[in-house]
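Number of protein chains: 2
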Amino acid sequence: MRDFSRDISALALNTATIRQWDLRHIVDNCAKAGIKHISPWRDQVRSEGTATVRRWLSEAGLHPSAYLRAGLFTYADREAAANARDENFAAMDEAAELGCRNLVVLAGGLPKAADLPKERNIEAARYQVGRGIEDMLPRARDLGLKLVVEPLHPMYAADRCCLNTLDQVLDLCDELDPASEVIGVAIDVYHVWWDPRLREQIDRAGSVNGRIQAFHVNDWLVPTRDMLNDRGMMGDGIIDIPKIRNWVESAGYGGPCEVEIFSDAWREREGQEVLNTCVDRFRRFV
Amino acid sequence: MRDFSRDISALALNTATIRQWDLRHIVDNCAKAGIKHISPWRDQVRSEGTATVRRWLSEAGLHPSAYLRAGLFTYADREAAANARDENFAAMDEAAELGCRNLVVLAGGLPKAADLPKERNIEAARYQVGRGIEDMLPRARDLGLKLVVEPLHPMYAADRCCLNTLDQVLDLCDELDPASEVIGVAIDVYHVWWDPRLREQIDRAGSVNGRIQAFHVNDWLVPTRDMLNDRGMMGDGIIDIPKIRNWVESAGYGGPCEVEIFSDAWREREGQEVLNTCVDRFRRFV
Numbered sequence: 035m036r037d038f039s040r041d042i043s044a045l046a047l048n049t050a051t052i053r054q055w056d057l058r059h060i061v062d063n064c065a066k067a068g069i070k071h072i073s074p075w076r077d078q079v080r081s082e083g084t085a086t087v088r089r090w091l092s093e094a095g096l097h098p099s100a101y102l103r104a105g106l107f108t109y110a111d112r113e114a115a116a117n118a119r120d121e122n123f124a125a126m127d128e129a130a131e132l133g134c135r136n137l138v139v140l141a142g143g144l145p146k147a148a149d150l151p152k153e154r155n156i157e158a159a160r161y162q163v164g165r166g167i168e169d170m171l172p173r174a175r176d177l178g179l180k181l182v183v184e185p186l187h188p189m190y191a192a193d194r195c196c197l198n199t200l201d202q203v204l205d206l207c208d209e210l211d212p213a214s215e216v217i218g219v220a221i222d223v224y225h226v227w228w229d230p231r232l233r234e235q236i237d238r239a240g241s242v243n244g245r246i247q248a249f250h251v252n253d254w255l256v257p258t259r260d261m262l263n264d265r266g267m268m269g270d271g272i273i274d275i276p277k278i279r280n281w282v283e284s285a286g287y288g289g290p291c292e293v294e295i296f297s298d299a300w301r302e303r304e305g306q307e308v309l310n311t312c313v314d315r316f317r318r319f320v
Numbered sequence: 035m036r037d038f039s040r041d042i043s044a045l046a047l048n049t050a051t052i053r054q055w056d057l058r059h060i061v062d063n064c065a066k067a068g069i070k071h072i073s074p075w076r077d078q079v080r081s082e083g084t085a086t087v088r089r090w091l092s093e094a095g096l097h098p099s100a101y102l103r104a105g106l107f108t109y110a111d112r113e114a115a116a117n118a119r120d121e122n123f124a125a126m127d128e129a130a131e132l133g134c135r136n137l138v139v140l141a142g143g144l145p146k147a148a149d150l151p152k153e154r155n156i157e158a159a160r161y162q163v164g165r166g167i168e169d170m171l172p173r174a175r176d177l178g179l180k181l182v183v184e185p186l187h188p189m190y191a192a193d194r195c196c197l198n199t200l201d202q203v204l205d206l207c208d209e210l211d212p213a214s215e216v217i218g219v220a221i222d223v224y225h226v227w228w229d230p231r232l233r234e235q236i237d238r239a240g241s242v243n244g245r246i247q248a249f250h251v252n253d254w255l256v257p258t259r260d261m262l263n264d265r266g267m268m269g270d271g272i273i274d275i276p277k278i279r280n281w282v283e284s285a286g287y288g289g290p291c292e293v294e295i296f297s298d299a300w301r302e303r304e305g306q307e308v309l310n311t312c313v314d315r316f317r318r319f320v
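Listed below in structure tokens is the structure:
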């Protein structure tokens with residue numbers, strides 16, 4: 035297993051972790067901190083322009099490890115479906131323009147129902163997701179992109195992402211892209227730490243060359259006060275991150291480890307304190 | 035599949051659903067409503083005495099479908115372990131005194147760590163749970179009890195229950211009680227609805243005679259505002275309950291269907307309104 039205690043060259047910062055800074059500040063301060071990878075979000079990149087951000091990153095010696103994000107394939111009607119498809123194809127173009135090979139794909143939850151907040155058919159939603167990803171494959175292949183599909187914790191199944199285990203995403207990968215040319219998976223400790231079959235699923239992912247495309251770190255707090263914005267900083271919660279990283283590296287992954295923390299509490303702190311803490315905790319708890 | 039629209043004889047009321055009433059009120063009003071099964075909690079039964087409650091139930095024509103609950107096997111030290119063991123053995127005796135054959139067993143989350151809210155070792159916690167259940171088996175067998183183990187949603191893995199899929203509980207059942215003499219499983223739609231492998235797991239449970247000992251109904255709200263006390267009334271959320279009940283009945287289960295709703299919102303309503311709504315929704319959405 036790589037030794038991160040003295041070498042943070044694998045640290046990737048997901049820019050949502052420090053939303054109190056704009057992208058320019060994040061880029062400058064990551065460079066100063068010796069960070070080599072960042073994963074920016076579409077809204078941040080689009081407001082500056084892909085060419086500008088690409089130049090910033092290049093000048094700062096930063097590699098765009100992933101672009102966030104495409105997906106949300108579970109539509110209630112054709113108009114919404116067409117709009118989402120347009121967005122997804124634009125996201126692929128932007129990733130390519132940015133020089134970022136990995137585009138993160140989030141499935142989406144249950145579609146809106148006419149008489150209820152959501153439809154009661156998760157199988158249908160999952161089928162839609164498969165067709166949505168399939169639809170993106172030729173373009174992604176042409177652009178040389180990897181679509182990085184991320185299973186989300188089962189507590190998000192209804193409203194955010196109906197792909198909820200690594201096994202389930204790997205089944206989809208095997209169906210749509212058995213040779214792992216275009217589709218990869220992101221393994222985020224927050225979403226998978228609880229899974230009793232995690233190790234065998236990671237081994238399964240690793241058995242296909244190039245399937246594991248991302249590894250995300252953060253922590254699960256006890257108690258968790260909010261399902262969306264109460265993720266913990268590494269070391270503050272109960273996830274044995276080195277154990278899972280060891281499994282992921284034993285399965286062949288040697289890429290960036292991305293710090294992605296959605297947290298109201300950390301968003302109230304000063305940006306530099308958050309960045310310093312990410313680096314310190316990365317050395318000690320990842 | 036049984037037709038519940040005109041026949042509520044399978045309805046079991048978990049008494050936590052109407053905590054605004056004491057047990058005597060619940061018993062009387064369930065009997066008036068034509069309900070045949072209730073599942074009471076230890077605190078309610080102990081404060082009245084098992085003999086008294088047994089008489090109440092008998093006079094009201096109510097069958098105690100389950101007794102809640104034993105378990106919480108994940109201890110940080112020997113003293114806590116000994117206390118919990120005493121409680122679990124007392125719970126078995128009480129269930130037998132009450133004439134209730136099914137004792138619900140909740141695993142417990144991660145044990146308290148010295149320097150953290152919880153230890154970071156879910157495998158160790160799961161091992162402790164297995165040993166804790168094993169320890170109860172001879173006594174349960176002597177008393178003619180079934181220990182009904184319930185997997186809880188993965189969002190409870192850290193703080194309530196480290197058994198999080200039906201498959202995982204079935205693995206434990208196969209290890210400790212392959213003939214299904216003493217251990218059964220409870221399938222609660224709230225905890226399992228998201229699982230992409232749910233149907234095959236239910237079929238697996240049904241392949242062992244007597245393994246499925248309980249089926250619980252309620253609903254998953256969108257949004258869910260609280261991880262513990264924001265469960266929905268059947269019909270208010272996104273779970274396709276009849277689909278899952280059909281799978282469970284196709285797997286051979288024909289027992290009570292228990293309404294178990296932990297909800298701050300429903301606890302603010304008048305008890306009779308809650309009971310009436312349970313019965314109405316049971317007919318229409320279960």
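First to last, the sequence lines map onto chains G and V.
Numbered according to the working numbering, the first sequence spans residues 35 to 320.
Numbered according to the working numbering, the second sequence spans residues 35 to 320.
Beta carbons are placed, not taken as given, at the ideal position from N, Cα and C, and that holds for glycine.
For residue j and residue i, believed in contact at Cβ under 8 Å, the rounded distance
i: G:V293; j: G:F319; result: The pair is not a contact, with the Cβ atoms about 11 Å apart (cut-off 8 Å).
i: G:C195; j: G:L140; result: 6 Å
i: V:V182; j: V:A124; result: Not a contact, Cβ separation roughly 17 Å.
i: V:M126; j: V:L137; result: 6 Å
i: V:H225; j: V:P172; result: No, V:H225 and V:P172 are not in contact; Cβ-Cβ is about 28 Å, not under 8 Å.
i: G:I167; j: G:L106; result: Between G:L106 and G:I167 the Cβ distance is about 12 Å, and since that is not below 8 Å, they are no contact.
i: G:G164; j: G:L206; result: 6 Å
i: G:L309; j: G:N48; result: About 12 Å; that fails the 8 Å criterion.
Endpoints, beta strand (DSSP E) assigned at residue i
i: G:H225; result: No beta strand (DSSP E) holds G:H225; the alpha helix (DSSP H) holding it covers V223 to V226.
i: V:K66; result: Where V:K66 is concerned, there is no enclosing beta strand (DSSP E), although the alpha helix (DSSP H) it sits in stretches over L57 to K66.
i: V:A248; result: I246 to V251
i: V:D101; result: The displayed chain sequence assigns Tyr, not Asp, to residue 101 of chain V. Y101 to G105 is the extent of the beta strand (DSSP E) around V:Y101.
i: G:S73; result: H71 to S73
i: V:E292; result: C291 to V293
i: G:W139; result: Residue identity check: residue 139 of chain G is Val in the sequence provided, not Trp. Unbroken beta strand (DSSP E) run through G:V139: N136 to L140.
Same chain, Cβ closer than 7 Å to residue i, neighbours up to 5 away in sequence not counted
i: G:P188; result: N198
i: V:A115; result: Y109
i: V:M261; result: M189
i: V:I295; result: T51, N252, R265 and M267
i: V:V216; result: L171, A174, R175, K180 and L181
i: V:T311; result: M267
Cβ neighbours of residue i in the same chain (closer than 8 Å, five flanking residues each side left out)
i: V:E128; result: R76, V79, R80, T84 and Y101
i: V:V256; result: G271 and I272
i: G:D201; result: R231, Q235 and R238
i: V:C291; result: F38, A44, L45, A46, F249, H250, V251, R279, F316 and V320
i: V:A65; result: A94, G95 and L96
i: V:N155; result: L144
Residues near residue i by beta carbon distance below 6 Å, same chain, minus five either side
i: G:G244; result: S214
i: G:D298; result: N263
i: G:G266; result: D253 and L255
i: V:M35; result: N280 and E283
i: V:Q247; result: N136, K180, V182 and G218
i: V:E90; result: In the sequence as displayed, the identity of residue 90 of chain V is Trp instead of Glu. Hits under 6 Å: V61.
i: V:R303; result: none
i: G:T258; result: D264
i: V:D193; result: G143
Span of the alpha helix (DSSP H), counted from its first residue to its last, around residue i
i: V:K180; result: First-last for V:K180: K180 to V183, but that is the beta strand (DSSP E), not the alpha helix (DSSP H).
i: G:A174; result: I156 to L177
i: G:V282; result: I275 to S284
i: G:N117; result: R112 to L132
i: G:L45; result: Careful: G:L45 lies outside any alpha helix (DSSP H), inside the beta strand (DSSP E) at L45 to N48.
i: G:D314; result: G305 to F319
i: G:E17; result: Residue 17 of chain G falls outside the range modelled here, since chain G spans only 35 to 320, and no answer is possible.
i: V:Q235; result: L232 to G240
i: G:V203; result: L200 to L210
Check: residue i C-beta below 7 Å from any heavy atom of the ligand FMN
i: V:A248; result: Ligands are entirely absent from the displayed structure, and the ligand FMN is therefore not among its contents.
Problem set entry | contact_flag[the segment 168-177 of chain G, the segment 219-239 of chain G] where n(CB pairs < 8 Å) is 3 or more | no
Exercise. Touch check for the segment 235-250 of chain V and the segment 286-303 of chain V: three-plus C-beta pairs under 8 Å?
Worked result: yes
For this session: Taking a Cβ distance cut-off of 7 Å, strictly less, list which residues of the segment 134-146 of chain V are near chain G, in chain order.
Result: Answer set for the segment 134-146 of chain V: L144.
Problem set entry | Residues in the segment 150-163 of chain G having any Cβ partner in chain V nearer than 8 Å | L150, P151, K152, E153, R154, N155, I156 and R160
Exercise. Is the segment 73-92 of chain G close to the segment 41-55 of chain V, with three or more CB pairs under 8 Å?
Worked result: no
Exercise. Between the segment 59-72 of chain G and the segment 89-104 of chain G, are three or more C-beta pairs nearer than 8 Å?
Worked result: yes
Exercise. If you measure beta-carbon to beta-carbon, which residues of the segment 186-213 of chain V are closer than 7 Å to chain G?
Worked result: H187, P188, M189, A191, A192, D193, N198, T199 and Q202
For this session: Using a Cβ-Cβ cut-off of less than 7 Å, give me the residues of the segment 225-259 of chain V that come near chain G, in sequence order.
Result: W228, P230, W254, V256, P257 and T258
Exercise. Relative to chain V, which residues along the segment 68-96 of chain G have a C-beta separation below 9 Å, given in chain order?
Worked result: none
Exercise. Name the residues in the segment 271-295 of chain V whose C-beta lies less than 9 Å from a C-beta of chain G; which are they?
Worked result: G271, I272, I273, D274, I275 and K277
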